[in-house]
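Right, one structure below, let's go through it.
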Amino acid sequence: EAQVTQNPRYLITVTGKKLTVTCSQNMNHEYMSWYRQDPGLGLRQIYYSMNVEVTDKGDVPEGYKVSRKEKRNFPLILESPSPNQTSLYFCASSLSAAGSGGTGELFFGEGSRLTVL
Amino acid sequence: AQSVTQLDSQVPVFEEAPVELRCNYSSSVSVYLFWYVQYPNQGLQLLLKYLSGSTLVKGINGFEAEFNKSQTSFHLRKPSVHISDTAEYFCAVKGTGRRALTFGSGTRLQVQP
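Listed in order, the protein sequences are those of chains G and L.
First residue of the first sequence: 1154, per my numbering; consecutive thereafter.
First residue of the second sequence: 1433, per my numbering; consecutive thereafter.
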């Protein structure tokens, strides 16, 4: 089954404790992206990756890191989480890199709800 | 730059009534337009998309949307809603040549019996 898988789905942590949210897709998609969803703000892009070893900042990258060592995986790293990073996070992928002729249609994971105390 | 405005944060409606969720966009280039639906505790899934061609686009679950270039709108409609349509709906735009989708702030559709 084609899917985007995120882990963990739920996490409560404390300020400053490094954490990683994993994302994996089995559709051989080139493009992957992380979004955060906050009430009244919709989805805002954190980072995206056009392909392996190619990553770039989205609209709200501060406090986050990503890596793309393999095509299928795109982990989101919070080196020193803070309470303002409490949010619902979504990983998404697309067949081709949006902007290179691709339509940009995204496939989403089920989300990871993060609480930073 | 590109942006999306969803004017209604919440839309309550009775079962079997028609509904329209409004979406306006801004872009300096030609666009692709999308509606996504998010059911409770789930990720977003594509409802429908406009890429080119006919301005009336039909999607899943009986939804449709009309692209209006002169009014820069892409409103979502359904002639008769069901309880199961209760969800949050997001409009999104991508300008041709741009690298990312821009999402609206979402509209929560609440279908009441």
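Idealized CB from N, CA, C, for every residue including glycine.
Whole-Å CB distance - residue i paired with residue j, under 8 Å assumed
| i | j | result |
| --- | --- | --- |
| cysteine 1229 (chain G) | valine 1174 (chain G) | The sequence given here has leucine at residue 1229 (chain G), not cysteine. Indeed they touch by this definition, with Cβ atoms about 5 Å apart. |
| isoleucine 1199 (chain G) | tyrosine 1188 (chain G) | 6 Å |
| tyrosine 1201 (chain G) | alanine 1433 (chain L) | Wrong, their Cβ atoms sit about 17 Å apart, outside the cutoff. |
| glycine 1262 (chain G) | cysteine 1176 (chain G) | 6 Å |
Simplified DSSP assignment, three categories, for residue i
| i | result |
| --- | --- |
| aspartate 1191 (chain G) | strand |
| asparagine 1493 (chain L) | helix |
| asparagine 1500 (chain L) | strand |
| asparagine 1237 (chain G) | helix |
| serine 1249 (chain G) | coil |
| serine 1484 (chain L) | coil |
| serine 1516 (chain L) | helix |
| proline 1214 (chain G) | coil |
| proline 1444 (chain L) | strand |
| arginine 1225 (chain G) | coil |
| asparagine 1160 (chain G) | strand |
| glycine 1254 (chain G) | Residue confidence is low: glycine 1254 (chain G) scores 48 on pLDDT, short of 50, so the model does not pin down where it sits. Its coordinate-derived value is still stated next. Here glycine 1254 (chain G) sits in coil by DSSP. |
| glutamine 1474 (chain L) | coil |
Proximity winner among the options, relative to residue i (alpha-carbon distances)
| i | options | result |
| --- | --- | --- |
| leucine 1538 (chain L) | L:Gln1544, L:Val1443, L:Ser1512 | Checking the sequence, you will find glycine at residue 1538 (chain L) rather than leucine. Ranking the options by Cα distance to glycine 1538 (chain L), first place goes to L:Val1443. |
| glycine 1195 (chain G) | L:Glu1520, L:Gly1527, L:Gly1485 | L:Glu1520 |
| asparagine 1204 (chain G) | G:Lys1218, G:Ser1186, G:Tyr1217, G:Val1213 | G:Ser1186 |
| leucine 1267 (chain G) | G:Leu1248, G:Leu1231, G:Glu1258, G:Ser1249 | G:Leu1231 |
| leucine 1270 (chain G) | G:Thr1166, G:Lys1171, G:Arg1162 | G:Thr1166 |
| glycine 1485 (chain L) | L:Ala1532, L:Val1513, L:Phe1499 | L:Phe1499 |
| glycine 1216 (chain G) | G:Lys1222, G:Lys1170, G:Leu1259 | G:Lys1170 |
| aspartate 1440 (chain L) | L:Cys1523, L:Leu1483, L:Glu1448 | L:Cys1523 |
| threonine 1239 (chain G) | G:Leu1172, G:Asn1226, G:Val1219 | G:Leu1172 |
| glutamine 1190 (chain G) | L:Leu1488, L:Gln1474, L:Ile1515 | L:Gln1474 |
| valine 1469 (chain L) | L:Val1513, L:Lys1526, L:Asp1517 | L:Asp1517 |
Enclosing beta strand (DSSP E) for residue i [first to last residue]
| i | result |
| --- | --- |
| threonine 1175 (chain G) | 1172 to 1178 |
| histidine 1507 (chain L) | 1505 to 1510 |
| asparagine 1456 (chain L) | 1456 to 1459 |
| serine 1435 (chain L) | 1434 to 1437 |
| serine 1265 (chain G) | 1265 to 1269 |
| proline 1545 (chain L) | Where proline 1545 (chain L) is concerned, there is no enclosing beta strand (DSSP E), given that its DSSP letter is neither H nor E. |
| aspartate 1209 (chain G) | 1207 to 1210 |
| glycine 1527 (chain L) | 1519 to 1527 |
| glutamate 1452 (chain L) | 1451 to 1453 |
| threonine 1166 (chain G) | 1163 to 1166 |
| leucine 1533 (chain L) | No beta strand (DSSP E) holds leucine 1533 (chain L); DSSP gives it neither H nor E. |
| tyrosine 1464 (chain L) | 1463 to 1470 |
Taking 8 Å as the cut-off, does the stretch 1161 to 1180 of chain G touch the stretch 1451 to 1470 of chain L (at least 3 CB pairs, one atom from each stretch)?
no
Is the number of C-beta pairs between the stretch 1233 to 1246 of chain G and the stretch 1483 to 1497 of chain L that are closer than 8 Å three or more?
no
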